[in-house]
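Student: Dropping a structure here in C-alpha cells format, bear with me for questions.
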Amino acid sequence: MTAASGAKVVPLAPHAAAQPHARLRGVTRVFDLPKSTLHALGPVDLDLAKGEFFSVVGPSGCGKSTLLDILAGLSAPQSGTAEFEGKPIQGVPDGVGVVFQEDASFPWLNVRDNVAFGLRRAGVDPAEIARRVDYAVGFMGLKDFAASYPAQLSGGMRQRVCIARTLVMQPRLILLDEPFGALDQQTRLLMGDELLRLWRETSATILLITHALDEAAMLSDRVGVMSTRPGTFIDFVETGWEKDRDSRVVSTPHFGDITARLWEKLRIEALKIMSAGKG
Amino acid sequence: MTAASGAKVVPLAPHAAAQPHARLRGVTRVFDLPKSTLHALGPVDLDLAKGEFFSVVGPSGCGKSTLLDILAGLSAPQSGTAEFEGKPIQGVPDGVGVVFQEDASFPWLNVRDNVAFGLRRAGVDPAEIARRVDYAVGFMGLKDFAASYPAQLSGGMRQRVCIARTLVMQPRLILLDEPFGALDQQTRLLMGDELLRLWRETSATILLITHALDEAAMLSDRVGVMSTRPGTFIDFVETGWEKDRDSRVVSTPHFGDITARLWEKLRIEALKIMSAGKG
Amino acid sequence: MSEKLLRVIIVVAMILLVEALCRFGIIPRMVMIAPSDMVVELGKILASGQFSADIRITFTNIAISTVLSVLLGFAAGVVIYSLPSLRNAIEPLLASYYAVPTFVFYPIFITLFGVGSASIIAIAVLLAVVSMVTATLNGLDRIPRVLRKTGQIYRMSRVKTALLIELPAATPYLFTGVKLSVAYSFIGVIASEFILSGAGVGYAIAYAYNLFENGHMYALMLLVLIVVTIVNTFLNVIDRRLQARRQR
Amino acid sequence: MPRSAGTLLVLLALLVLWQGLHLLVGASSLASPLQTVTKLAALLATGEFWLNISETMRAFVAAFAISLFGGIALGIVLGVRKLAGNVAEPILTTLYSIPKVVLYPLVLLCFGLGISAKIAFGVMHGLIPITLFSMNAIRQMKPVYRRTSQVMRLSPSQNAFTVIMPAILPEIISGVRLGFSLTLLGVLIGEMFASQRGLGFLLTGAINLGQIDTIMAIALLLTVFAVTCNALMMRFDRRLTHR
Amino acid sequence: EEISVTQWGASLYGAPYAVAMEKGLFKQAGIDITGIIGSGGGGTTVRNILASATPYGEVAVSAALAAKAQGLDLIIVNTGTRSVAEASMVVMPNSELKGVEDLAGKKVAITSPKSVSEMLLLMVLREKGVDQSKVQRVAAGGYVPALTMLEQNAVVGSVLIEPLSIIRKDKYRTLYKAGDILKPMTTSVGITTRKFAQENPEKLKAIIAGRRAGVQAIYKDPAETAKIIEKLYKLDAPIAKEAVDNMIPPKMWSEGEFNVEELNRMVEGLKLIGEVKSDVDWSTVLDKTYLPADLQAKQ
Ligand SMILES: Nc1ncnc2c1ncn2[C@@H]1O[C@H](COP(=O)(O)OP(=O)(O)OP(=O)(O)O)[C@@H](O)[C@H]1O
Ligand SMILES: Nc1ncnc2c1ncn2[C@@H]1O[C@H](COP(=O)(O)OP(=O)(O)OP(=O)(O)O)[C@@H](O)[C@H]1O
Ligand SMILES: [Mg+2]
Ligand SMILES: [Mg+2]
C-alpha cells in the first residue's frame, strides 16, 4: 500500500493560485419555465488547475450538470465569466471532451464506429483513426466487443464506449457526468482504477460529477461539495492522495476521514432542507 | 454523539445462537433458461435474530433479490430449508412485508388509497384503517401529498408510499430491496434516519438490500457481504452501533472503519472477477 | 423456432379445415370455393392475364400512396414537432382521426384530382398519412437529448446533426410509421376501388361478386391476402433487424 | 385552458379551409360549412333520419360490444398464455392489415344480409386492435404488481379486480378508442352495400345521386359523434388512471 | 314480409311496388309486403334475395342470367321493366356535338366496364352505325363522377340516368335518350328460387298480382304515383312528377308478361359487352305458371 501516507485535509484549493486551466467567476444560470424562472446554479467560482482531478458532489438537482454544460460551452451562463485555457468559452471549445450522465452511445453504430465517430467528423486520416480507436477500445476493455452494438452491452460497457469515444479525441479537459451511475460498487471500483490510469497517461484535467462520496474521495485530488439548488460550492476538500494511487486507498484510515468529512457536510446540508420543509 | 462508542467489529453473527426469527440452511436457487440453467444463489446459511437490522451488500446480479424472494415465500429454494418463526416457508407467510426494488406504487390510486390498499383487502375495520394510514402517511412525510397520485410524486416519494403501504400491515419481518436506489445521498441519509426510527418503534426484524456500502454501515446491526453469482455470504460484519443511533454516526471514525472493511471485501471480490475475465 | 412451427401448423390446419368443409359440401360451393380451387383459379387468372391491368393499377396505386404518405407524413411530422403550440392544438384531433369516414370525401377528390387513380391515391394517403405523422412525432420525441448534445460536442452543423444523429436515432420509430402507412395504403386503395371505382383489384372483386364469378372473386381475394402477408412478413423482417440492434 | 383554445383555433382554421375549398371547387363538389350544417339540421328534423341513425346505432352498439368484450377477453387470454400470444400475434397483425372490404362478399354469403352482416363486418374491423392492445397490456404489466399482490396474499379475484384490471386499463382504453373508430367504419361500409336503412345506406344513395350536402352532413355527424366519443374516452382514461 | 328490388330508392324500377304498398294492393292480392330491401343492384340483389325469408325480388336481367349461369337454382317468374327510357347521354350545353354520329373519335364516360350504361351506349352506337372501336369509353365509377369528368372536359359526353338527369337537367344538354333510339327491351325480371316457388306458389302469385295492380294504378293515375314516389324516394315534388311522367309514354313497367323478343333484345346487348356468350334458352329459365292467367297467354 503505497498511497495516502501523510495525506492531509486542506480546506481550500491552492491550485487556484496558479494559471488555471479552466476558470469560472460568478457564474449563474437561470432557466425560463413556462410560468416562472428557475435559478438552477450559482453564483459559482471555480478554478481547475492543469492536470487536476476534481470531483463535484451535491444533491440531486443542485445544478451539477448545468455547471458541466457551461464548462463544455453547451450553454452560456446567465451572468459571470467562464474561461478555458485563458479564452472565454463561446460554443464548444476545442480540446474539451464530455461524457454525459445519460447513455450517449449511438445504438445504430457498433462499438468501433461509435468510438471512431468524432474522429471521422473531424476528418482525421483513416490510418490514424484506426490506430487511436484500437488503442481506446483496448484500453477500455472492449476489444472482444468491437463489432457489437450497444444494445448487446451492459450499461457499464456502454458508458465505457462513451468514455472511449471521448478519449480518442485526446481532450485536454475531460468532463465526466456520473459516468458510473449505472454500475454496482464493484465495477465502479474497477472503472475508477481505469480512470486513474487514463488520467495519469494523458495528464488531462478531469472534472468528475458523482453522487457517490466514496468514489469522489477515492479518485480526486480535490472534491467540491455543492449546496442544494441554486448550487454553490460550500466546501472544497483536498484529499492529498499521490498521483500514483489506485483503489487500494479505500482500506486506509485516511479514506474513512475524507468520506466522513464529506458525509458530515452533506448531512448538515440535508438537515437544512429538512427544517426548510420536507423534500 | 451517543452512538458508536466502544463498538467492535465482530466477524460472525452471535445472534445465530439464539432462536432465530428467520433461518436459511443450504438454500440454493437455480433458474431454468431456454437453453441452459442459471445457478443464481447459494448455498446460503443465514439466521436473522428477532429485532435485528440486517443488511445485504453484493455485486449486481449476485442473487440478492432472489434471496429476498425466498424469504418472502415468493419462490421456493431449489434445495435447503427456509423457516420463519419456526415454521417452514411455504407461500407468503403471514407477518412478512416486502418493499420491492422496482416502484410498486399503484398509479391508479392516490397516496392514501395506496397505503390503505392492503388493509382494505384484509378486511380491517375502516376506523382502524384510517388511524393506521394517517399515522403511516404522516410518519413517511407524505401528509401534504395524501391526495396526490404517484405520477405527481418524485421517485423517492413513491418509494416512501410503498414503505408506508408495507408498514401499515405491521409486519414482523420487513424485507426491503434497495428502497433508496432512486435517491441522492442527502435524501438517503434522511430516509435512513426515518427507517431507524421506524425500526425502533416497531421492533420488527429488518432485512435491507442495498448497494451503498455506507448506507449498510450506517443503518445495520450486521452487514452480510455476498460474493458474485452464485451469491453466498463471504463475510458478516457486526457494526456494534447502539439501538438508539442515527445518521450522525457517519462522522465517527468507527463508521470509516466499517466502510473501509466492506470496501476491502468488495475490492478483493472485484479483483477476483477481474482475473477471471473482464466484466 | 418452435413458435414459428406451431404457427405454420395452425395456419395450415385452418386451411385444411376449410378445405375439408368445402370438399364435403358443408360450406356450399356457392358460398365459398375450396382453398385449393382458389389457388388453381389464381394460377389461371394470372396465366391468362385477364386481370393484369387491374392488378397493376392497384399495386401501383398502393406503392404511390405509401411513398406519398411516408414523405408527406414525415414532413408534416417534422413541421408539427418544431411548432410545439401547433402540436398541442393538433394532438387531440390526431387522436380521433380514424373516427372520420375518409372515403366520403371522394366526390371532392374527383373534382380536385379528376376521376381515376389520383383520387383513389388521395383517399389512401388521407387514411395512411396520419400514422406516419404520429410515428414521426413519436420518433422525434424519443431521440434522447443527450445525442443532440453529443453532436454539439463534436461541433457538427445542424444539417449534419439531423442526418447523422437525429435520423438514425429516430429510424426504428419512423419504420413503425412506414409499416402502418403500407397497411393503410392497402386498405385505402382497395376499399376505394371496391366501393367507388371502375378499375383495380377491389373493383374486380366487387364485379366478380356481382356476377357470381366465385372463382375470380376468391382468386383475387387470395391474391390480396398473399400479397399483404408477403409484404407484412418482409416489413417485419426489416423491423426486427432494426430493433435487434436496439433491444437486448 | 390554453390547450383547448389552441385546438379551437385549429378547428377554426379547418373551417376556413373548408370554406375556401368550397369556394375553389364549387358547391356541387363540396358543400360549404353553412350548407352542411343547415342540411344536417334539416335532416335531423325528420323522423326518417332518426330511424336511419338508430338502425346504424343498433348495429354499431352490437358490433362494438362484441369487439369490446371479445377483444378484451381474447387479449387477456393471449396475454396470459405466453405461447398462445406469441403464436397468434403475427397472425393477428397480418389480419389487421388486410383490406377487410375484400372479404365483404364472404361476410354477406355467411351472414346473409341485414343486421348480422353489418355487425360481423364491424366486429372484423374492431376486434383485432382491441385484442392486440389488451394482449400487450397484460404482457407489459409490471411484474412487480403481481408480486405485490402475492405478498399481500390477495385472493385470485381480488388480484384480478383490484390490481390487474386497473393496471392494464390505460392500454385497454387506447385499444378501445381505436377499435371504436374502426368498428364504426366497418359498420358504415357494411351498410353501404346491402341494406335499406342506416347512415351508410343514406351515404350510398347520396353518393349515387351526387347530393353533396347530404354526404357532407352525414360525414359531419359521424365525425362529431366519433370525435366526441373519443374525447370522452380520453377524459375517462385520464380521470381513472392519473398518469 | 320483405322482398328485394334492385336500385330501390334510386331508380324507378321500384315504382309499382311503392304504389302497391301504399295503396294496399298487395294486401288485396293476399300478401302483406312491409318493406323493400334495396341494394346497389346486380348480384348483390340476387344474393339478398337468396338470403331472404321471402326469396322474391326484381333484378337486372344480366344479374339473373349470371346467377343462373353460375348454377344457382333460380327461375324468372315475371318481367319488371321493359324500357331504357331513363337512360341518356349528356354533353355540356356549349358542346359542338349534335348527334350520336359525332361521338366517333371522342372520349365518353361510362360508369364501369361491362355495366348497363356501357351496354346501352354500345347498342345505340350499333343502331346508328357508328364503329364502337372509334368511341373511347372511360370508366368513371358512377354517374356522378362521370358528370364530374364531363365538367372537367376530360370527356365530351357522359351517360346519365333518371332521376339524376332530371335533377341536373339545367346543367347539361341531352345528346340522345336511349329510349328514343332503342326498341323496348326487358331490363328487369322477377326471380325466385325454384324451391320457394314450389312450396309457396300462392304467395308468389299474390306478389306478382299485387305488383301488376300497382303497374295498372300507375298508368291510371300518374299524379298520385308521383306523390307516392316523392314520399318514399324522398325526392322533390317537381322532380318526382317529371320522372314519372317521362316513363308513362314508353310504358316502362310491364305488367309481368314475358315478351321473348324484348328479352332477346337485352341478350343481344349483353353479348355486346361480353357478359353473355351465346343465345339463351329461355325455356329453362322462365316459368310462366305464376303469372295471372291472362298474362300467361300473351307472348
Ligand atoms: N433545460 C432546462 N430547462 C429548465 N430547467 C432545467 C433545464 N435543465 C435543468 N433544469 C433544472 O435545473 C436544475 C438543475 O439541473 P441539473 O441537471 O444541473 O442538476 P444536477 O445537479 O445535475 O442533478 P442530478 O444529480 O439529478 O443529475 C434542476 O432543477 C433541473 O430541473
Ligand atoms: N425469473 C428469473 N428467471 C431467470 N433468471 C433470473 C430470474 N430472476 C433473476 N434471474 C437471474 O438471477 C441472477 C440473480 O438475480 P437477482 O435479481 O437476485 O440479482 P440481484 O443481486 O438482486 O441484482 P441487482 O443488484 O441488480 O438487483 C441474475 O443473473 C438474474 O439475471
Ligand atoms: Mg445531472
Ligand atoms: Mg435485485
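Chains as they are written, first to last, in our numbering: chain A, 2 to 280; chain B, 2 to 280; chain C, 155 to 402; chain D, 41 to 283; chain E, 212 to 510. Each residue gets a CB set at the ideal place from its N, CA and C atoms; glycine is no exception.
Report buried or exposed for R258 of chain E, applying the criterion of at least 16 other Cβ atoms within 10 angstroms of its Cβ.
Tutor: Label assigned to R258 of chain E: buried.
Student: Can A257 of chain D and L83 of chain D be called in contact, C-beta distance under 8 Å?
Tutor: Contact flag set, yes.
Student: Taking C-alpha atoms, which residue in A:L214, A:D245, A:M219 lies nearest to R198 of chain A?
Tutor: Comparing Cα-Cα distances from R198 of chain A to each of A:L214, A:D245, A:M219, the minimum goes to A:D245.
Student: Cβ-heavy atom distance between T41 of chain B and ligand 2 below 7 Å?
Tutor: One point to set straight first is that residue 41 of chain B is Ala, not Thr, in the sequence displayed. Correct: A41 of chain B has its Cβ closer than 7 Å to ligand 2.
Student: Closer than 8 Å is the cut-off here; do at least three beta carbon pairs connect the stretch 114-132 of chain D with the stretch 186-202 of chain D?
Tutor: No, because fewer than three Cβ pairs between the stretch 114-132 of chain D and the stretch 186-202 of chain D fall closer than 8 Å, the two stretches do not touch.
Student: Do C63 of chain A and ligand 1 come close, with the Cβ less than 7 Å from some heavy atom?
Tutor: Answer for C63 of chain A: yes, Cβ within range of ligand 1.
Student: Hey, G27 of chain B and G81 of chain B are a contact pair by Cβ (cut 8 Å); roughly how many whole angstroms apart?
Tutor: Confirmed, Cβ separation roughly 4 Å.
Student: Check whether the stretch 138-147 of chain D and the stretch 340-351 of chain C touch, using three or more Cβ-Cβ pairs below 8 Å as the test.
Tutor: Enough Cβ pairs lie closer than 8 Å, so yes.
Student: With DSSP as the reference, please indicate the residues paired to Q347 of chain E in a beta bridge.
Tutor: E:K318.
Student: Evaluate the contact criterion for the stretch 265-275 of chain D versus the stretch 241-252 of chain C: three or more CB pairs, one atom per stretch, below 8 Å.
Tutor: Touching, per the Cβ criterion.
Student: With DSSP as the reference, label E86 of chain B as helix, strand or coil.
Tutor: Coil.
Student: The beta strand (DSSP E) spanning P44 of chain B covers which residue range?
Tutor: Where P44 of chain B is concerned, the enclosing beta strand (DSSP E) stretches over 38-49.
Student: Return no unless some Cβ of chain C is closer than 8 Å to the Cβ of L209 of chain D.
Tutor: With 8 Å as the cut-off, L209 of chain D does not count as an interface residue toward chain C.
Student: Would you give the residue range spanned by the beta strand (DSSP E) that D295 of chain C belongs to?
Tutor: That residue, D295 of chain C, is in no beta strand (DSSP E); its alpha helix (DSSP H) goes 271-295.
Student: When we look at the beta-carbon of N305 of chain E and count the other beta-carbons within 10 Å, is it buried (16 or more) or exposed?
Tutor: So N305 of chain E ends up on the exposed side.
Student: For E239 of chain A, which beta-bridge partners are listed by DSSP?
Tutor: Paired residue(s): A:R223.
Student: Could you round the C-beta distance between R121 of chain A and I130 of chain A to whole angstroms and report it? I think they count as a contact, below 8 Å.
Tutor: Right, their Cβ atoms sit about 7 Å apart.
Student: To be precise: take each residue of the stretch 251-269 of chain B, compare its Cβ to all Cβ atoms of chain A, and keep it if any distance is under 7 Å. Which residues remain?
Tutor: Under the 7 Å Cβ criterion, the stretch 251-269 of chain B contributes V251, S252, P254, F256, G257, D258, T260, A261, W264, E265, L267, R268.
Student: Taking 8 Å as the CB-CB cut-off, is I159 of chain D touching chain E?
Tutor: No, because no Cβ of chain E sits closer than 8 Å to the Cβ of I159 of chain D.
Student: Using DSSP with H/G/I as helix, E/B as strand and the rest coil, what is K388 of chain E?
Tutor: Strand at K388 of chain E.
Student: Going straight from the alpha carbon of S376 of chain E to that of V301 of chain E, what length do you get?
Tutor: Going by the C-alpha atoms only, they are around 9 Å apart.
Student: I'd like the span of the alpha helix (DSSP H) that includes Y136 of chain B, first residue to last.
Tutor: Run containing Y136 of chain B: 127-140, per the alpha helix (DSSP H) assignment.
Student: What are the residues in the stretch 23-48 of chain A lying within 8 Å of chain B by C-beta distance?
Tutor: Listed in sequence order: no entries.
Student: Using a Cβ-Cβ cut-off of less than 8 Å, list which residues of the stretch 86-111 of chain A approach chain B; keep chain order.
Tutor: Those would be none; no residue qualifies.
Student: Can you tell me which residues form a DSSP beta bridge with R230 of chain A?
Tutor: According to DSSP, which records beta bridges pairwise, R230 of chain A is partnered with nothing at all.
Student: Using DSSP's beta-bridge definition, name the partner residues of I210 of chain B.
Tutor: Beta-bridge pairing links I210 of chain B to B:V57, B:D178.
Student: Ligand 2 and D299 of chain B: does any heavy atom of the ligand fall closer than 7 Å to the residue's C-beta?
Tutor: The question about residue 299 of chain B has no answer, for chain B in this structure spans 2 to 280.
Student: Beta-carbon of L75 of chain B versus every beta-carbon of chain D: anything under 8 Å?
Tutor: Taking Cβ atoms only, chain D reaches closer than 8 Å to L75 of chain B, which makes this a yes.
Student: Hey, which unbroken runs of the beta strand (DSSP E) at 3 residues or more fall wholly within the stretch 164-195 of chain C?
Tutor: Taking only runs of at least 3 residues, no beta strand (DSSP E) segment lies wholly in the stretch 164-195 of chain C.
Student: In chain D, which residues lie with their C-beta within 9 Å of the C-beta of R122 of chain B?
Tutor: Result: S189, M192, R193, L194, S195, Q198, T202.
Student: By the criterion of Cβ-Cβ separation under 8 Å, what are the contact partners of P60 of chain B in chain A?
Tutor: D185, Q186, Q187, T188, listed in chain order.
Student: Can you find a C-beta in chain E that's less than 8 Å from the C-beta of I155 of chain D?
Tutor: With 8 Å as the cut-off, I155 of chain D does not count as an interface residue toward chain E.
Student: So, at 8 Å on beta carbons, what are the nonlocal neighbours of L55 of chain D in its own chain, with the 5 sequence-adjacent residues on each side left out?
Tutor: The answer, listed in chain order, is P73.
Student: Where DSSP assigns a beta bridge to E213 of chain E, which residues make up the other side?
Tutor: Paired residues: E:G246.
Student: Could you tell me whether the stretch 221-230 of chain D touches the stretch 137-149 of chain B, where touching means 3 or more Cβ pairs closer than 8 Å?
Tutor: Not touching, per the Cβ criterion.
Student: Using a Cβ-Cβ distance under 8 Å, would G156 of chain A count as near chain C?
Tutor: For G156 of chain A, the answer is no, since every Cβ of chain C falls outside 8 Å of its Cβ.
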